[in-house]
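**Student:** Below is one structure. I have some questions about it.
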Amino acid sequence: MTVTLWGTRGSLPAPGAETARYGGNTSCVEVRGRDGTVLVLDAGTGIRRLGKTLPNSLRRLDLLLTHLHMDHIQGLGFFAPLHNPDLEVHIWGPASTTANLRTRLMRYLSPPLFPVRLRDLPCRLTLHEVPCGDFSIGEFQVASALVCHPGPTVAYRISSARGALAYFPDHEPALGVQKFPMGCDWTSGCALAAGVDLLIHDAQYSKEEYPQHIGWGHSAVDDTLRFAALAEVKQLVPFHHDPAHNDDDLDRMIAAARATTRRFTITPGTEGAAFEVG
Amino acid sequence: MSQKEIEVILIRQLASYLAMAVFIVDAEGNLAFYNEPAERILGHRFDETGEMPATEWATAWTPTNEEGESLAPEALPLWIALHDRRVATGRLWIRALDNVPRYIEVVAFPLLGQGDRHLGAVSLLWEAEPL
Numbered sequence: 001m002t003v004t005l006w007g008t009r010g011s012l013p014a015p016g017a018e019t020a021r022y023g024g025n026t027s028c029v030e031v032r033g034r035d036g037t038v039l040v041l042d043a044g045t046g047i048r049r050l051g052k053t054l055p056n057s058l059r060r061l062d063l064l065l066t067h068l069h070m071d072h073i074q075g076l077g078f079f080a081p082l083h084n085p086d087l088e089v090h091i092w093g094p095a096s097t098t099a100n101l102r103t104r105l106m107r108y109l110s111p112p113l114f115p116v117r118l119r120d121l122p123c124r125l126t127l128h129e130v131p132c133g134d135f136s137i138g139e140f141q142v143a144s145a146l147v148c149h150p151g152p153t154v155a156y157r158i159s160s161a162r163g164a165l166a167y168f169p170d171h172e173p174a175l176g177v178q179k180f181p182m183g184c185d186w187t188s189g190c191a192l193a194a195g196v197d198l199l200i201h202d203a204q205y206s207k208e209e210y211p212q213h214i215g216w217g218h219s220a221v222d223d224t225l226r227f228a229a230l231a232e233v234k235q236l237v238p239f240h241h242d243p244a245h246n247d248d249d250l251d252r253m254i255a256a257a258r259a260t261t262r263r264f265t266i267t268p269g270t271e272g273a274a275f276e277v278g
Numbered sequence: 001m002s003q004k005e006i007e008v009i010l011i012r013q014l015a016s017y018l019a020m021a022v023f024i025v026d027a028e029g030n031l032a033f034y035n036e037p038a039e040r041i042l043g044h045r046f047d048e049t050g051e052m053p054a055t056e057w058a059t060a061w062t063p064t065n066e067e068g069e070s071l072a073p074e075a076l077p078l079w080i081a082l083h084d085r086r087v088a089t090g091r092l093w094i095r096a097l098d099n100v101p102r103y104i105e106v107v108a109f110p111l112l113g114q115g116d117r118h119l120g121a122v123s124l125l126w127e128a129e130p131l
């Protein structure tokens with residue numbers, strides 16, 4: 001599979017010269033299979049550019065939302081495939097304890113927040129609630145699990161015959177753990193990420209910043225490294241960069257992370273970067 | 001060990017910060033965790049007890065009623081919360097693993113996750129004055 005990062009920023013788009021290298025668009029990742037299957041992970045602002053690159057021959061597209069915080073759905077209304085009546089679009093995402101996925105999406109895709117209503121989108125749209133057990137899309141097997149982040153939030157594991165990717169853009173597995181990490185069974189999301197070839201994981205804060213943000217649902221880079229080591233991944237992509245971090249800040253954070261461990265490869269989440277998995 | 005559900009992980013983290021005794025079982029009834037205040041009541045550290053099946057924890061502390069009669073597992077509030085998925089309360093004697101008899105009050109409730117997922121049950125334990 002080919003994994004392409006279209007948005008790597010967390011919380012809020014951060015355009016500007018000072019963020020040009022790592023990118024300012026919010027979370028969006030494309031996963032393309034050898035058979036042409038296209039999965040899109042989250043609909044942050046990066047999804048707009050992705051929408052312009054998809055082939056006209058595409059007949060089905062699956063959009064997997066981890067959760068419905070604004071930085072993960074803000075690009076929805078600007079995603080061209082949703083306006084294509086010839087395209088079958090499946091959106092997967094979590095319900096809440098009181099509202100189904102459709103109701104939750106309609107809160108954004110309706111006035112006054114957005115002029116076009118969900119029901120008026122021209123594509124042939126089907127919604128699916130997760131977690132719902134493992135399911136198949138084209139050549140991919142998809143697993144999901146609720147993970148530690150405020151509100152219903154899932155992470156995904158996407159496997160093909162050749163390799164596996166885990167996507168955890170918003171995740172605070174160290175929350176409340178007095179000595180992180182505990183064993184894999186007691187660590188949020190660990191089984192889902194275990195042994196993957198590529199882990200894309202929240203690394204929003206530095207170790208120094210984290211104490212002021214405990215409970216906000218994001219990880220310090222050091223905890224991300226511990227999680228990746230516990231899950232025994234092969235390659236880590238620190239992701240969901242804080243909008244206050246410029247490129248120089250991220251250079252320093254990544255250099256420090258690389259100096260900490262050599263158990264796996266660390267490749268920073270950079271807009272436009274592509275990875276071959278398997 | 002299998003991966004614990006996020007709700008069970010989070011309630012364990014919460015319990016580890018509380019000054020009240022908390023005892024947690026998973027959906028199969030296996031003891032998943034009890035916190036330090038519960039260790040004082042139960043007379044044993046969780047690290048030494050470890051996880052154990054329902055048939056074991058339901059008898060390990062030798063629960064009896066006020067007349068000294070043994071309580072079947074089905075009569076324990078936590079068992080009721082787990083199997084009937086409702087809140088249950090009760091007062092009972094236990095013999096703690098430090099061999100001290102203690103009279104306790106128990107409030108137990110099921111853990112239900114979104115999507116109607118049954119995740120286990122939790123009991124809160126208090127030492128009480130015998131009637």
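Residue numbers (this note's numbering), protein chains in the order written: chain A, 1 to 278; chain B, 1 to 131.
Where is the CB? At the ideal position from N, CA and C, for every residue including glycine.
(1) So which of A/A220, A/D247, A/P268 and A/H245 has the shortest CA-CA distance to A/F282?
(2) Taking the alpha helix (DSSP H) that A/C28 falls in, what are its first and last residues?
(3) For chain A, check one thing: does any of its Cβ atoms lie closer than 8 Å to the Cβ of B/L14?
(4) What residue range is occupied by the uninterrupted alpha helix (DSSP H) comprising B/V87?
(5) For chain B, is any of its Cβ atoms less than 8 Å away from the one on A/V147?
(6) State the DSSP-derived secondary structure class of A/P55, mapped to helix, strand or coil.
(7) For A/Q74, which option in A/D120, A/T4, A/H218 and A/R48 has the closest C-alpha, if you only look at C-alpha atoms?
(8) Between the beta-carbon of B/E127 and the beta-carbon of B/I104, is there less than 8 Å?
(9) Among A/L225, A/P115, A/L113 and A/V130, whose alpha-carbon lies nearest the alpha-carbon of B/D116?
(10) Comparing C-alpha positions only, which one of A/L41, A/E139, A/H218 and A/A14 sits nearest to A/W92?
(11) So with Cβ pairs under 8 Å, would you call B/Y17 a contact of chain A?
(12) Taking 8 Å as the CB-CB cut-off, is A/Q178 touching chain B?
(13) Short check: CB of A/F135 to CB of A/I158, under 8 Å?
(14) Nearest by alpha-carbon distance to A/T126: which of A/G163, A/E88, A/D120 and A/H149 is it?
(15) Residues of chain B with CB closer than 9 Å to the CB of A/L127, please, in chain order.
(16) Looking at the structure shown, is A/H218 part of a helix, part of a strand, or coil, going by DSSP?
(17) How many Å lie between B/Q13 and A/W186 at the Cα?
(18) I'd like to know whether the C-beta of A/L175 is nearer than 8 Å to at least one C-beta of chain B.
(19) If I follow the unbroken beta strand (DSSP E) through A/D202, where does it start and stop?
(20) Given that B/S2 touches chain A, what residues does it touch there, using C-beta distances under 8 Å?
(21) To the nearest angstrom, how far is it from the Cα of A/C123 to the Cα of A/P112?
(22) Could you tell me which chain A residues have their CB closer than 9 Å to the CB of B/L111, listed as they occur along the chain?
(23) With A/Q141 as the anchor, note down where its beta strand (DSSP E) starts and where it stops.
(24) Between the stretch 176-183 of chain A and the stretch 20-27 of chain B, can you find at least three pairs of beta-carbon atoms closer than 8 Å?
(25) Terminal residues of the continuous alpha helix (DSSP H) containing A/T4?
(26) Can you name, in chain order, every residue of its own chain whose Cβ lies under 7 Å from the Cβ of A/L225, other than the five neighbours on each side?
(27) Could you say if the stretch 91-106 of chain A and the stretch 200-207 of chain A meet the contact criterion of at least three C-beta pairs nearer than 8 Å?
(28) Go ahead and label A/D222 buried or exposed: buried means 16 or more other beta carbons lie within 10 angstroms of its beta carbon, across all protein chains shown.
(29) Evaluate B/L18 with the Cβ neighbour count: other Cβ atoms within 10 Å of its Cβ, from every protein chain shown; 16 or more gives buried, anything less gives exposed.
(30) Name the two residues that bound the continuous beta strand (DSSP E) containing B/V8.
(31) The beta strand (DSSP E) that contains B/F33, what's its start and end?
(32) If you compare alpha carbons, which of A/I200, A/T265 and A/E172 is closest to A/S219?
(33) Please state if the CB of A/G7 and the CB of A/G46 are separated by a distance shorter than 8 Å.
(34) Would you check if the distance between the CB atom of A/N246 and the CB atom of A/E18 is smaller than 8 Å?
(35) Exposed or buried, what is B/L131 when buried is set at 16 or more other beta-carbons lying within 10 Å of its beta-carbon?
(36) Quick check: what's the CA-CA separation for B/L111 versus B/I11?
**Tutor:** Quick look at the numbers:
(1) Residue 282 of chain A cannot be examined here, being either before or after the span of chain A that is shown, 1 to 278.
(2) Run containing A/C28: none in the alpha helix (DSSP H); it sits in the beta strand (DSSP E), C28 to R32.
(3) yes
(4) Where B/V87 is concerned, there is no enclosing alpha helix (DSSP H), given that its DSSP letter is neither H nor E.
(5) yes
(6) coil
(7) A/R48
(8) yes
(9) A/V130
(10) A/L41
(11) yes
(12) yes
(13) no
(14) A/E88
(15) What A/L127 touches in chain B: nothing, since even the nearest Cβ is about 15 Å away.
(16) coil
(17) 10 Å
(18) yes
(19) L198 to D202
(20) D185 and A191
(21) 22 Å
(22) Going along chain A, no residue has its Cβ under 9 Å from B/L111, so there is no contact; the nearest lies around 13 Å.
(23) F140 to L146
(24) no
(25) No alpha helix (DSSP H) contains A/T4, which is instead part of the beta strand (DSSP E) from T2 to G7.
(26) A257, T260 and T261
(27) no
(28) buried
(29) exposed
(30) Where B/V8 is concerned, there is no enclosing beta strand (DSSP E), although the alpha helix (DSSP H) it sits in stretches over I6 to A15.
(31) L31 to Y34
(32) A/E172
(33) yes
(34) yes
(35) exposed
(36) 10 Å
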